[in-house]
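Following: one structure in structure tokens, then a few remarks.
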Amino acid sequence: MTQVERVDVAIVGSGPGGAVMAYEAAKRGLRTLVLERGPHVESTGVHDDMQELRTIPRIYKDGGLFMTAEMDMFILQGTCVGGSSVLANMVMMRPTPAVFDTWRELGAGVTYNMLAPLFDEVERELNVETPAPNNVSKSSALFKSAAERIGLRPGYMSKALGDCDGCGYCNVACTVGTKKSALTTYLPWAREAGARVIAEADVERIEHRRGLAHALEVRVGRGREPVRVEAQQIVISAGAIGSSGLLLKSGIRKNVGSRLAFNAGAMVIGLFPFPVDGWDGDQMTVFLKGDRYVVEATHNPPMSMALTTPGWFAQHSALMKSGHRLGYAGVLVATEPVGRVVHSRAFGHEEVHFRLPPRDLATLQRGIRSVAEVLFEAGVEQVILPNHQLTTLHSAAECERVAHRVCDTRDFSLGSAHPQGGNPWSVDPDLGVVDDSFAVHGYDNLFVCDASVFPSGVGVNPIETILAVSKHAARRILARA
């Protein structure tokens, strides 16, 4: 027998967008239910090398193996209570006003000045700060000093990590529970106000007729028990890919899955002649903005480090044994919104089609060259490019060869943890999926509130923008409650 739940607001997804929506709805006294496909994973309090092996298959979409249909870019997303914020570094960056100028040209009714108070509000709520000096690793400090010496302007990231102890396991859930993810902030605040969160709840379909969304068909728990959720308002917050997938699966197709963009990136590695112990501190503290790209000095714990380090067999083994001498930096490019989410009838789930445009590849090449130049200034013996086959540079003079070495996405490791778009926000129903009230065009009570509404990529780590836009969206949505 199917269980029936009746609520005022049903939210699909518990990541940053859904968590903010739940908090705003619950504190207004609305009966609020959050449905999350993934499990609830608490902080473990343990720092050990098995943490990655145990956790990644549980909290990453497809165990961290989700890729584009073209099989040349991996996409990292969270599937757990708190969504991708649980495995994020909580880097808080505001886009430039020009991003919102572009959005307005595409039909979104927003300006930077409209969102600025909401950015301020997010930063206050999450106690955003720059990292403590003792959490900046030696490899990141060397990168920053070298960049400054050659005339660049690196900076320290603003982050929402709380009393971070620099364990370096941010991407496999905070081991000490200090990170200000949705799991530890907006969701508990929503629960305190009366909201409920159901984990391992797979929403299979939105039931809708004549412009009204009536219910959600849900399967809950390992036994996949059927539940029907009836709601006055239904908000889809399953992320840039998941939200499009659910709408498509429910027969809502106009413009859905379009204008998908990424912060797509590749990792560059420097081999120092001395130990730098990049893991000794916060994973990411130093960034550098370039022309249409961002560089983030970083490091990973052992398993992720092995996955991001090129080479095969003996070459790979040698690099891993030299891990205490390796410094890493990722180059992120804000891609054009040329990707698309489709629903695969053959496999029953969403697929992503995306090919890195030539202009974005050229930008990535510039970013990689800039990183190589900084690393040589920092004193590395060689720079290791992101190619699958081990490809190295041995002097700054060789940096001009980057464009000839990193030129085909099938030959180097390209990835993203920042998909954006898919259900673009525009008052023009021929371009957008949601209007200025974040209602799906043609529907009175079906809304979208997450990164999928971005008309284009924001060019920086998107989590702060997701939170601010979701606050804006929640107020528009709840005004119609």
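Under the numbering used here, read the sequence shown as residues 1 to 481, first letter to last. For every residue, glycine included, the Cβ atom is placed at its ideal position computed from N, Cα and C. All values reported here derive from a predicted model rather than from experimental measurement.
Worksheet item: In terms of alpha-carbon separation, which member of 186, 445 and 297 lies closest to residue 147?
Response: As a first step, residue 147 is located in the sequence shown; it is residue number 147 there, counting from the start. Checking every option, the nearest Cα to that of residue 147 belongs to 297.
Worksheet entry | Exposure label - residue 360; buried when at least 16 CB within 10 Å | Along the sequence shown, one-based indexing puts residue 360 at 360. Buried is the call here.
Worksheet item: Is it a yes or a no for the region 132–152 touching the region 59–68, going by three-plus beta-carbon pairs under 8 Å?
Response: no
Practice prompt. Starting from residue 112, trace the alpha helix (DSSP H) both ways and give me its first and last residue.
Written response: In the sequence shown, residue 112 corresponds to position 112, counting from 1. Taken as a continuous stretch (DSSP letters only), the alpha helix (DSSP H) holding residue 112 covers 112–125.
Worksheet item: From which residue to which residue does the alpha helix (DSSP H) around residue 307 run?
Response: Start at 1 with the first residue of the sequence shown, and residue 307 comes out as number 307. 302–308 is the extent of the alpha helix (DSSP H) around residue 307.
Fill in: As assigned by DSSP and simplified to three states, the class of residue 50
Along the sequence shown, read from residue 1 onward, the residue named residue 50 stands at position 50. Helix, per DSSP.
Discussion item. Let me check one thing: in DSSP terms, what residues is residue 214 bridge-paired to?
Written reply: The residue you call residue 214 lines up with position 214 of the sequence shown. Its beta-bridge partners do not exist; DSSP assigns none.
Item to complete: Mind checking who residue 243 pairs with in its DSSP beta bridge?
Response: Here residue 243 refers to the residue found at position 243 of the sequence shown. Per DSSP, none; premise fails for residue 243.
Discussion item. Measuring alpha carbon to alpha carbon, tell me which residue in 72, 82 and 50 is nearest residue 59.
Written reply: In the sequence shown, residue 59 corresponds to position 59, counting from 1. Sorting 72, 82 and 50 by C-alpha distance to the C-alpha of residue 59 places 82 at the top.
Item to complete: Could you check if residue 445 is buried or exposed, using at least 16 other CB atoms within 10 Å of its CB as the buried criterion?
Response: For the purposes of this step, residue 445 is taken as residue 445 along the sequence shown, with counting starting at 1. Classification for residue 445: buried.
Worksheet item: From residue 325 to residue 7, what distance separates their C-alpha atoms?
Response: As a working mapping, residue 325 is identified with position 325 in the sequence shown. As a working mapping, residue 7 is identified with position 7 in the sequence shown. One C-alpha to the other measures close to 55 Å.
Discussion item. Using only the alpha-carbon positions, how far apart do residue 465 and residue 2 sit?
Written reply: In the sequence shown, the residue the question calls residue 465 occupies position 465. In the sequence shown, the residue the question calls residue 2 occupies position 2. The alpha-carbon atoms of residue 465 and residue 2 are separated by roughly 38 Å.
Item to complete: Check residue 385 in the structure and name its three-state DSSP category.
Response: The residue labelled residue 385 in the question sits at position 385 within the sequence shown. Residue 385 falls in the coil class under three-state DSSP.
Worksheet item: Quick one: what does DSSP say residue 293 is sitting in, helix, strand or coil?
Response: Residue 293 sits at position 293 when you count from the first residue of the sequence shown. If DSSP states are grouped into helix, strand and coil, residue 293 belongs with the strands.
Worksheet item: Can you name, in chain order, every residue of its own chain whose Cβ lies under 7 Å from the Cβ of residue 468, other than the five neighbours on each side?
Response: Taking the first residue of the sequence shown as 1, we reach residue 468 at position 468. Once the five neighbours on either side are set aside, the close Cβ partners of residue 468 are 115, 118, 119 and 122.
Worksheet item: Going by C-alpha distance, which of 407, 277, 219 and 430 is nearest residue 137?
Response: Indexing the sequence shown from 1 puts residue 137 at position 137. It is 277.
Worksheet item: Between 102, 334, 77 and 327, which lies nearest to residue 459 when the distance is taken from Cα to Cα?
Response: Locating residue 459 in the sequence shown gives position 459, where the first residue counts as 1. Out of 102, 334, 77 and 327, 334 has the C-alpha closest to the C-alpha of residue 459.
Worksheet entry | Coil, strand or helix - residue 423 by DSSP | Position 423 of the sequence shown, counted from the start, is the residue given in the question as residue 423. Looking at residue 423 - three-state DSSP - the assignment turns out to be coil, as it is neither helix nor strand.
Worksheet entry | Nearest-angstrom Cβ-Cβ length linking residue 286 and residue 386, presumed shorter than 8 Å | Numbered from its first residue, the sequence shown carries residue 286 at position 286. Numbered from its first residue, the sequence shown carries residue 386 at position 386. Under the criterion of beta carbons closer than 8 Å, residue 286 and residue 386 do not qualify as touching, at roughly 19 Å.
Fill in: Contact set for residue 153: own chain, Cβ-Cβ below 7 Å, skip 5 residues either direction
Position 153 of the sequence shown, counted from the first residue, corresponds to residue 153. Excluding positions up to five away in sequence, the list is empty.
Item to complete: Name the one or two DSSP bridge partners that residue 202 has.
Response: On the sequence shown, residue 202 is found 202 positions in, with the first residue counted as 1. Bridge partners of residue 202: 219.
Worksheet item: Can at least three beta-carbon pairs, one atom from the region 22–39 and one from the region 211–229, be found at a separation below 8 Å?
Response: Because the criterion of three Cβ pairs below 8 Å is met, the region 22–39 and the region 211–229 touch.
Discussion item. Taking the beta carbon of residue 318 as the centre, do at least 16 other beta carbons fall within 10 Å, making it buried, or is it exposed?
Written reply: The residue given as residue 318 occupies position 318 in the sequence shown. Residue 318 comes out exposed.
Worksheet item: If residue 341 sits next to residue 245, beta carbons under 8 Å apart, how far is it from one beta carbon to the other, in whole angstroms?
Response: Here residue 341 is taken as the residue at index 341 of the sequence shown, counted from 1. Here residue 245 is taken as the residue at index 245 of the sequence shown, counted from 1. The Cβ separation is near 6 Å, so the contact holds.
Worksheet item: Can you list, in chain order, the residues of its chain whose CB lies under 6 Å from that of residue 380, leaving out five sequence neighbours each side?
Response: Taking the sequence shown and counting its residues from 1, one reaches residue 380 at position 380. So the qualifying residues of the chain are 270, 271 and 272.
Fill in: Reduced DSSP secondary structure (H/G/I, E/B, other) of residue 233
Stepping through the sequence shown from its first residue, residue 233 is reached at position 233. Reduced to three states, the DSSP call for residue 233 is strand.
Worksheet item: Of all the options 251, 78, 104 and 300, which has the alpha carbon lying nearest to the alpha carbon of residue 431?
Response: One-based indexing of the sequence shown puts residue 431 at position 431. It is 104 whose Cα lies nearest to the Cα of residue 431.
Worksheet entry | C-alpha gap between residue 347 and residue 27, whole angstroms | Numbered from 1 along the sequence shown, position 347 holds the residue referred to as residue 347. Numbered from 1 along the sequence shown, position 27 holds the residue referred to as residue 27. Looking at the two C-alpha atoms, the distance is approximately 40 Å.
Worksheet item: What is the C-beta distance between residue 86 and residue 181, in whole angstroms, given that I count them as a contact (C-beta under 8 Å)?
Response: Working through the sequence shown from its first residue, we reach residue 86 at position 86. Working through the sequence shown from its first residue, we reach residue 181 at position 181. The pair is a contact, with the Cβ atoms about 5 Å apart (cut-off 8 Å).
Discussion item. Beta-carbon within less than 6 Å of residue 281's beta-carbon, same chain only, minus the 5 sequence neighbours each way: which residues are those?
Written reply: If you number the sequence shown from 1, residue 281 lands on position 281. Taken in chain order, the residues that qualify are 135, 136, 137 and 166.
Worksheet item: Is it true that the CB of residue 237 sits closer than 8 Å to the CB of residue 243?
Response: Here residue 243 corresponds to residue number 243 of the sequence shown, with the count starting at 1. Here residue 237 corresponds to residue number 237 of the sequence shown, with the count starting at 1. Yes, they are a contact pair.
Item to complete: Report the partner residues of residue 267 according to the DSSP bridge assignment.
Response: As a position in the sequence shown, residue 267 is number 267, starting the count at 1. In the DSSP output, where bridge partners are listed per residue, residue 267 has 330.
Discussion item. Buried or exposed for residue 373, going by 16 or more other Cβ atoms inside 10 Å?
Written reply: The count along the sequence shown starts at 1 and reaches residue 373 at position 373. When all chains shown are included, residue 373 counts as buried.
Discussion item. I need the DSSP call for residue 82, collapsed to helix, strand or coil.
Written reply: Position 82 of the sequence shown, counted from the start, is the residue given in the question as residue 82. Coil at residue 82, not helix or strand.
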